[in-house]
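At position 70 of the sequence shown the residue is numbered 71 (the working numbering), and the sequence of numbers has no breaks.
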Amino acid sequence: MTTKQLAKTLKQQFKGIVSGPVEFRGELTLELLDAFRIAEVCQFAKAELGFDFLVDLTTIDNHEETPRWTAVYHLYGYGHSCHLRLKTSVSEEVSELPTV
Numbered sequence: 002m003t004t005k006q007l008a009k010t011l012k013q014q015f016k017g018i019v020s021g022p023v024e025f026r027g028e029l030t031l032e033l034l035d036a037f038r039i040a041e042v043c044q045f046a047k048a049e050l051g052f053d054f055l056v057d058l059t060t061i062d063n064h065e066e067t068p069r070w071t072a073v074y075h076l077y078g079y080g081h082s083c084h085l086r087l088k089t090s091v092s093e094e095v096s097e098l099p100t101v
């Protein structure tokens, strides 16, 4: 499967809470609209789509914007050599996400 096909499958599985994909320089990003389901989405990506490695987890401080924080998860699948980026946002009041 290609990264686009894998992203499409993930989006279909989580209809209404995943938007995108957005492609930039050959890499795909999906946005998760319900931040508190990030663990569920990552578990599906691992178990069903073969994204078995969390390459990086980083956050962006959108100072003076709402929501304040954006978390970006970079996933990779050794079996298919595909990269996928998931991002989601939370407010300053919440400032936490489930553990992946």
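Note that beta-carbon positions come from the ideal geometry of N, C-alpha and C, so glycine has one too. Given the structure is predicted, the values throughout are model-derived calculations rather than measurements.
Please state the DSSP three-state secondary structure of F37. Taking the first residue of the sequence shown as position 1, residue 37 is located at position 36. Correct three-state label for F37: helix.
Return the chain-ordered list of same chain residues with a C-beta closer than 8 angstroms to the C-beta of V19, the five sequence neighbours on each side being excluded. Reading the sequence shown from its first residue, position 18 is the one you call residue 19. Here the set comprises L11, K12, L31, E32, L33, L34, V42.
Do S92 and T60 have their CB atoms nearer than 8 angstroms? Numbered from 1 along the sequence shown, position 91 holds the residue referred to as residue 92. Numbered from 1 along the sequence shown, position 59 holds the residue referred to as residue 60. No, Cβ-Cβ distance for S92 and T60 is not below 8 angstroms.
In the DSSP assignment, find the unbroken beta strand (DSSP E) run with T89 in it and report its ends. Here residue 89 refers to the residue found at position 88 when the sequence shown is read from its first residue. T89 -> beta strand (DSSP E) spans 83-91.
Let me know the beta strand (DSSP E) ranges lying completely inside the region 4-51, each 3 residues or longer, listed in chain order. 19-25, 28-33
So Y74 and L58 are in contact, right, with Cβ under 8 angstroms, and what is the actual spacing, rounded? Taking the sequence shown and counting its residues from 1, the one referred to as residue 74 is at position 73. Taking the sequence shown and counting its residues from 1, the one referred to as residue 58 is at position 57. With a Cβ gap of about 6 angstroms, Y74 and L58 count as contacting.
Do you know whose CA, among N63, T4, A46, G80, lies nearest V101's CA? For the purposes of this step, residue 101 is identified with residue 100 of the sequence shown, where counting begins at 1. Considering only alpha carbons, the answer is A46.
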